[in-house]
Amino acid sequence: MFLKKLCALLRIDEVQFRALLRIHLLLDFRSSRIGGSSSRKQSFVLNLIFYVIIGLFVGLSGLRLFDLFGFAFLTLTVSMVLTAMAIIIEFNEIIINPEDAEILGHRPIDTRTYFWVKMANLLFYVTSFGLAINLSPAFIGLAFPEASGLFPLLYLIVSWLANVATAFGMILLYSVLVRWLNYERLKDILAYVQVVFTFIVFVGYQFLMRLIPEMHKTQLNGVWYFFVPSAWYAEALILPFDSQMLRLWFLAALALISFVGLAYFASRNLSLGYAELIYKLSQSARIRETGREEASKSFRGFSLRRWLLRNPVEQVGYELVSRYIRRNRNMRMRVFPAFAMPLAVMGMFILDGELTDPFIAPNTATLMSMFFLIYIAVIFNQIITTSDHWQASWIFRAAPVPDYSRLYWGGLKVLLVKYMLPYFVLIWGVLSSQMSVRHAFYLAVLNYAIYLAYSAGLAVFVKDLPLSKKFERGRTNLGFLVTFVLFPLLLIIGGVEYLICRFPAFLIPGVVTFLLLAWILSKISSTAINRRIQQQEFLA
């Protein structure tokens with residue numbers, strides 16, 4: 221009854237709205253294997269838990285600030301940034317999905333109905349994850365004397381408006397960029413934007429914690445509020461508790477105007493006509509990309525690659541994953557952000573002056589930044605088995621493959637050699653700015669050996685072949701959760717690394733030991749992977 225009245229108010233077709241929204245959510249939670257839908261629901265729940273943990277951590281950190289505005293500004297900023305980051309990484313296809321025009325374009329679907337289906341689908345996730353992020357801060361804010369018993373309710377309402385405004389802003393941004401840029405090129409840009417966003421989340425958080433108290437001591441206090449959207453919503457939240465200041469009324473009005481304005485312009489861009497435009501742009505982009513790929517010659521590996529890929533099945537896995545990552549921008553969008561996290565942690569320790577030479581004065585800060593390399597291993601372990609074209613994995617079953625694990629190791633070597641080796645060279649360069657080049661090289665080599673052991677150990681839990689499973693939303697956040705779960709193990713490995721730095725004579729034996737451990741774990745993983753794959757039934 222309520223839905224019927226709401227649809228009448230919005231002037232949309234109730235039957236179409238209900239059917240399309242149901243299909244969208246069904247596709248979101250549908251899996252590529254029997255019983256997989258429950259796993260996707262579990263993934264959704266685990267993502268909610270992840271955001272609850274983040275919200276609790278940020279809320280407790282906000283208690284260090286001296287007033288309610290600083291607390292609201294910090295928590296709302298983190299909430300809005302995480303919302304934008306989630307849309308870019310996980311939910312961008314809700315906003316720009318070229319297939320909509322091909323599937324729905326010939327059907328009698330009203331543009332207004334299409335818009336509200338898309339918005340309802342996006343708002344389902346924005347509301348769910350936004351509530352998870354802001355639930356803890358809503359009640360933690362009661363610790364400030366200015367807050368009253370209504371603060372939790374008002375905070376949840378304002379935070380929801382802020383997150384929805386962020387979603388509207390992302391829709392508007394996508395609609396502008398997709399008209400200016402090649403659609404496929406836009407995906408490339410988004411992959412690098414994700415790296416920047418990840419870096420901002422970790423480094424920017426520390427910056428905010430230092431910035432807010434300092435701003436109150438300068439003439440900039442009150443001026444910068446007008447240029448930061450999260451400050452508008454923070455002031456709107458404070459308004460019921462301090463309505464005497466004219467600035468509060470002005471910024472609250474600015475927040476309301478921004479919300480209405482973004483909603484209006486977003487509604488004009490999210491339509492089937494817009495989807496058809498994207499479809500045409502994407503098709504022409506793919507034609508141009510295909511022409512360039514056919515005109516260019518692929519690089520043929522040198523002796524090191526032939527030495528690494530002696531097994532022909534591994535060569536197949538390597539070629540498939542290498543070409544897919546190079547050609548599929550969605551895959552790069554999922555992989556690249558992982559590289560930002562260890563660098564962001566290193567950047568925070570450099571800003572604090574805590575990243576020093578562990579071979580001269582052993583410390584936990586330098587080694588702590590190395591711990592987060594496990595996050596990259598976890599993300600690679602989760603992403604390598606996924607693909608947008610997973611149905612084509614039937615070829616693995618049709619081919620006479622004697623050892624399925626070789627396909628996995630061939631794909632993993634793409635990441636270990638083509639991406640991680642240059643990445644560790646970059647880490648070597650960053651470390652060299654804080655210690656001698658020789659010691660930075662030692663530390664980079666030691667941690668690369670440890671990283672190989674991480675990757676081989678995580679392979680024990682692999683259940684699928686490379687590129688054979690549909691990508692599920694929330695994989696990035698699950699990577700964080702897995703990293704936290706593995707933290708006790710990281711402490712043990714970190715203790716060993718600390719001892720090696722404390723007694724440098726054990727450096728070479730330590731590197732050899734971790735390489736040997738990686739080899740042993742790879743043999744164990746190969747047996748486990750091959751057994752699991754042979755027991756599976758192909759359902760594509």
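Here the sequence shown is numbered in my numbering, starting from 221 and rising by one per residue. Every residue, glycine too, gets a C-beta built ideally from N, C-alpha and C. Since this is a predicted model, take the numbers as computed values, not measurements.
Asked                                                                                                                                                           : Found
Where does Lys638 fall in DSSP's three states?                                                                                                                  : helix
Confirm, please, whether the CB-CB distance from Val278 to Leu294 is below 8 Å.                                                                                 : yes
If you run the structure through DSSP and keep just helix, strand and coil, what is Ser656?                                                                     : coil
Would you list the one or two residues that DSSP bridges to Lys690?                                                                                             : Ser607
Measure the C-alpha to C-alpha separation of Val378 and Leu563 and round it to an integer number of angstroms.                                                  : 33 Å
Using the C-alpha atoms, what's the distance from Ala387 back to Leu687?                                                                                        : 30 Å
Rounded to whole angstroms, what is the Cα-Cα separation between Lys683 and Gln756?                                                                             : 9 Å
What residue from Asp330, Leu343 and Leu266 has the CA that sits closest to Ala304's CA?                                                                        : Leu343
Would you mind working out which of Leu351, Phe591, Met553 and Val384 sits nearest Val265, comparing C-alpha positions?                                         : Leu351
Assuming Ile670 contacts Leu635 (C-beta within less than 8 Å), just tell me the rounded distance between them.                                                  : Going by Cβ atoms, the distance from Ile670 to Leu635 rounds to 16 Å, so no, they are not a contact pair.
According to DSSP, is Leu226 helix, strand or coil?                                                                                                             : helix
Do the segment 609-626 and the segment 577-586 make contact, defined as three or more Cβ pairs closer than 8 Å?                                                 : no
Can you name, in chain order, every residue of its own chain whose Cβ lies under 7 Å from the Cβ of Ala585, other than the five neighbours on each side?        : Phe569, Glu574 and Leu575
Would you grab the beta carbon distance between Arg626 and Val533 for me? Rounded to a whole angstrom, and I think it's under 8 Å.                              : 4 Å
With distance defined between alpha-carbon atoms, name the residue in Asn383, Lys689 and Leu240 nearest to Ala475.                                              : Asn383
By a C-beta neighbour count over all protein chains shown, 10 Å radius and 16 as the cutoff for buried, is Ala367 buried or exposed?                            : buried
Should the segment 237-248 be regarded as contacting the segment 334-348, the criterion being three or more beta carbon pairs within less than 8 Å?             : yes
In or out: Lys633 buried (at least 16 other Cβ within 10 Å) or exposed?                                                                                         : buried
How would you call Phe291, buried or exposed, if buried means at least 16 neighbouring beta carbons within 10 angstroms?                                        : buried
What span of residues does the alpha helix (DSSP H) with Val536 cover, start to end?                                                                            : Pro532 to Arg547
Of the choices Leu540, Ile307, Gln262 and Ser356, whose alpha-carbon is the least far from that of Gly282?                                                      : Ser356
Could you tell me if Thr606 is buried or exposed, where buried requires 16 or more neighbouring beta carbons within 10 angstroms of its beta carbon?            : buried
Our contact map puts Lys689 next to Ser542 with C-beta atoms below 8 Å; I'd like the distance itself, whole angstroms only.                                     : About 19 Å; that fails the 8 Å criterion.
Leu374 and Pro460 look like a contact to me (Cβ under 8 Å); what is the Cβ gap, rounded to whole Å?                                                             : 6 Å
Taking the alpha-carbon positions, what's the Ser348 to Leu593 distance?                                                                                        : 30 Å
Since I believe Arg554 is in contact with Phe691 (beta carbons under 8 Å), could you give me their beta-carbon distance rounded to a whole number of angstroms? : 7 Å
By how many angstroms is the C-alpha of Ser652 removed from the C-alpha of Glu717?                                                                              : 18 Å
Under three-state DSSP, which class holds Ser257?                                                                                                               : Because the pLDDT of Ser257 is 49, which lies under 50, any placement of that residue in the model is unreliable, and the question is left without a value.
In its own chain, which residues sit with a C-beta less than 7 Å from the C-beta of Ile647, not counting the 5 before and 5 after it?                           : Ala664
Work out the CA separation of Ala363 and Leu280 for me, nearest whole Å.                                                                                        : 10 Å
Which of the three DSSP states is assigned to Leu283 in this structure?                                                                                         : coil
Assign Tyr538 to one of two classes, buried (16 or more other C-beta atoms within 10 Å of its C-beta) or exposed (fewer than that).                             : buried
Determine whether the beta carbon atoms of Leu741 and Gly677 lie at a separation below 8 Å.                                                                     : yes
Whole angstroms are fine: how far does the CA of Leu302 sit from the CA of Leu711?                                                                              : 28 Å
Around the Cβ of Thr747, are there at least 16 other Cβ atoms within 10 angstroms (buried) or fewer (exposed)?                                                  : exposed
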